[in-house]
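> Let me give you the structure first, and then I'll get to my questions.
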Amino acid sequence: MKDTETRCRDEQEILEGLKQAVLNFEPDEAVEMAKKAIDDGIDPSEAIEKGVGRALSIVGKKYEEGELFIIHLAAAGEAGSRAINEVLKPEIEKRGDKAPSRGKIVIGTVSGDIHEIGKTIVSAMLLANGFEVIDLGKDVPVDTFVDKVRHESPHILGLSALLSTTIPIQRDVIEALKKEGLRDKVKVMVGGAPVTDEWAKEIGADAYGTDAIDAVNKAKSLVEAS
Ligand code: B12
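As structure tokens, then:
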């Protein structure tokens, strides 16, 4: 039996190992460290936030500063996505199966935009917190969002956009929902690095989430208020 101090040190080492695997662009190592995290009893959403998420934020900053290039973004993205999709997300889904649903959410990255790591983290955290999540993936056409709202009747529609050229599509989706008479049937939550609270208000969204934890809190409030 490990004492608390040893456990905390082990946990920190594993989370640091996961972060380093993504930073070193090593997908197999990232998957291994994610498995180790689960075996050691680390919460999968914590591994996503503190391991994969932190590494990707560092990679993003280095790219912005000209220290890394697009090929590095793709390689780090691949390592992070594999750890999430092969190990951490399935584990969250397994645990979420046992919890009663808090509400249904359809989520996706808008058309023209292939950034999906942040959206995947948000959907995994929503799952971990008892929401039923239909993740439509990336580069999702406006009509697909509208169709899913019509046929799945979710409480919330989550729209992710990472490019200044694709955030206007969030507005297009809201306008299309209005046109189809569906706007009052669903709450719309927007997010993604260039999205702000002001933008969310301007386009008539119901909520804006800065990160996955904020997204979960906002989703809980939206469902409670509906
Ligand atoms: C990894 C990455 C890529 C990868 C994506 C891999 C993948 N599978 O997703 C690849 C290599 C494909 C890529 C491509 C491009 N990228 Co890129 N990319 C990034 C990078 C470094 C990190 C993004 C990321 O994953 N962050 C980590 C996650 C955890 O954070 P996040 O996405 O912000 O998500 C969090 C929150 O925003 C929020 N959130 C996200 N979605 C949602 C949704 C809801 C509903 C809510 C509530 C919250 C929420 O919660 C998340 C978790 O905390 C960013 C830099 C940055 N600092 O953001 C550039 C960045 C987004 N990319 C950029 C650019 C320019 C491009 C390219 C155009 C480059 C090119 N010349 O080809 C292409 C675009 C291709 C396309 N059509 O989409 C620019 C965008 C600039 C702009 N404002 O328009 C950035 C900001 C880099 C820069 N500084 O120039 N990219």
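Take 14 as the starting number for the sequence shown in the numbering used here and just add one per residue. C-beta atoms are modelled at their ideal positions from N, C-alpha and C, and glycine is treated no differently.
Counting pairs of Cβ atoms below 8 angstroms between the stretch 136-144 and the stretch 98-107, do you hit three or more?
Counting Cβ pairs under 8 angstroms, three or more are found: they touch.
> Three-state secondary structure (DSSP) at Ser124?
For the purposes of this step, residue 124 is taken as residue 111 along the sequence shown, with counting starting at 1. In the structure shown, Ser124 sits in coil (DSSP, three-state: anything other than H, G, I, E or B).
> Among all the DSSP beta bridges, which residues are the ones paired with Tyr221?
Start at 1 with the first residue of the sequence shown, and residue 221 comes out as number 208. DSSP, once it has assigned bridges, lists Val203 as partnering Tyr221.
> Out of Ser124, Lys161, Pro167, which has the shortest C-alpha to C-alpha gap to Leu270?
Absent from the structure is residue 270, since the part of the chain shown begins at 14 and ends at 239.
> Could I get the ranges of all uninterrupted alpha helix (DSSP H) runs contained in the stretch 60-97, with 4 residues as the minimum, in chain order?
67-77, 83-96, all fully within the stretch 60-97.
> How many angstroms separate the CA atom of Cys21 from the CA atom of Glu59?
Looking up residue 21 in the sequence shown gives position 8. Looking up residue 59 in the sequence shown gives position 46. Looking at the two C-alpha atoms, the distance is approximately 13 angstroms.
> Thinking C-alpha only, which one of Ile187, Lys233, Val199 is nearest Ala141?
Position 128 of the sequence shown, counted from the first residue, corresponds to residue 141. It is Lys233 whose Cα lies nearest to the Cα of Ala141.
> When the Cα of His168 is compared with those of Asp126, Ile127, Ala34, Lys200, which residue comes out closest?
Reading the sequence shown from its first residue, position 155 is the one you call residue 168. With distances taken between Cα atoms, His168 lies closest to Lys200.
> Just how far apart, CA to CA, sit Ser70 and Lys49?
The residue given as residue 70 occupies position 57 in the sequence shown. The residue given as residue 49 occupies position 36 in the sequence shown. Their Cα atoms are separated by approximately 22 angstroms.
> For Arg95, collect the residues of the same chain with a Cβ closer than 7 angstroms to its Cβ; drop the 5 residues on either side in sequence, then sort them by chain order.
Stepping through the sequence shown from its first residue, residue 95 is reached at position 82. Excluding sequence neighbours, Arg95 sits near Pro40, Ala43, Val44.
> Cutting at 6 angstroms between CB atoms, please list the residues of its own chain near Phe158, excluding the five before and the five after it.
Position 145 of the sequence shown, counted from the first residue, corresponds to residue 158. These residues qualify, in order along the chain: Val186.
> Please determine whether the Cβ atom of Ser94 lies at a distance below 7 angstroms from any heavy atom of the ligand B12.
Position 81 of the sequence shown, counted from the first residue, corresponds to residue 94. Yes; taking the cut-off as 7 angstroms, the Cβ of Ser94 has a heavy atom of the ligand B12 nearer than that.
> Pick from Asp227, Asp224, Asp219: whose alpha carbon is nearest that of Ala238?
As a first step, residue 238 must be located in the sequence shown, where it is residue number 225. Among Asp227, Asp224, Asp219, the Cα nearest to that of Ala238 is on Asp219.
> Measure the alpha-carbon distance for Ile130 versus Leu172 and round it to whole angstroms.
Start at 1 with the first residue of the sequence shown, and residue 130 comes out as number 117. Start at 1 with the first residue of the sequence shown, and residue 172 comes out as number 159. Those two C-alpha atoms are separated by around 13 angstroms.
> With a threshold of 6 angstroms on Cβ separation, who are the neighbours of Ala213 within its own chain once the five nearest residues in sequence on each side are excluded?
To locate residue 213, count along the sequence shown from 1; it is residue 200. Once the five neighbours on either side are set aside, the close Cβ partners of Ala213 are Val203, Tyr221.
> Using the Cα positions of Val38 and Val208, report the straight-line distance between them to the nearest angstrom.
On the sequence shown, position 25 is the one that residue 38 refers to. On the sequence shown, position 195 is the one that residue 208 refers to. A small correction: the amino acid at residue 38 is Phe; Val does not occupy that position in the sequence shown. Their Cα atoms are separated by approximately 27 angstroms.
> Measuring only the C-alpha atoms, how far is Asp152 from Asp126?
As a first step, residue 152 is located in the sequence shown; it is residue number 139 there, counting from the start. As a first step, residue 126 is located in the sequence shown; it is residue number 113 there, counting from the start. Each residue's alpha carbon lies about 5 angstroms from the other.
> Does the ligand B12 have a heavy atom nearer than 7 angstroms to the CB of Pro207?
Residue mapping note: residue 207 aligns to position 194 of the sequence shown, counting from 1. Yes, the Cβ of Pro207 comes within 7 angstroms of a heavy atom of the ligand B12.
> What residue from Thr122, Lys117, Val65 has the CA that sits closest to Gln33's CA?
Stepping through the sequence shown from its first residue, residue 33 is reached at position 20. That would be Val65, whose Cα lies nearest to the Cα of Gln33.
> Just to confirm, is the Cβ distance from Arg115 to Val35 under 8 angstroms?
Position 102 of the sequence shown, counting from 1, holds the residue named residue 115. Position 22 of the sequence shown, counting from 1, holds the residue named residue 35. No; because the gap between Cβ atoms is not below 8 angstroms, this pair is not in contact.
> List the endpoints of the continuous alpha helix (DSSP H) containing Gly30.
Residue mapping note: residue 30 aligns to position 17 of the sequence shown, counting from 1. It spans 17-36 - the alpha helix (DSSP H) in which Gly30 sits, taken as one unbroken run.
> Give the straight-line distance between the Cα atoms of Pro113 and Gly143, rounded to the nearest whole angstrom.
Position 100 of the sequence shown, counted from the start, is the residue given in the question as residue 113. Position 130 of the sequence shown, counted from the start, is the residue given in the question as residue 143. Taking the straight line joining both Cα atoms gives about 7 angstroms.
> Would you list the one or two residues that DSSP bridges to Leu170?
Taking the sequence shown and counting its residues from 1, one reaches residue 170 at position 157. Beta-bridge pairing links Leu170 to Val119, Val201.
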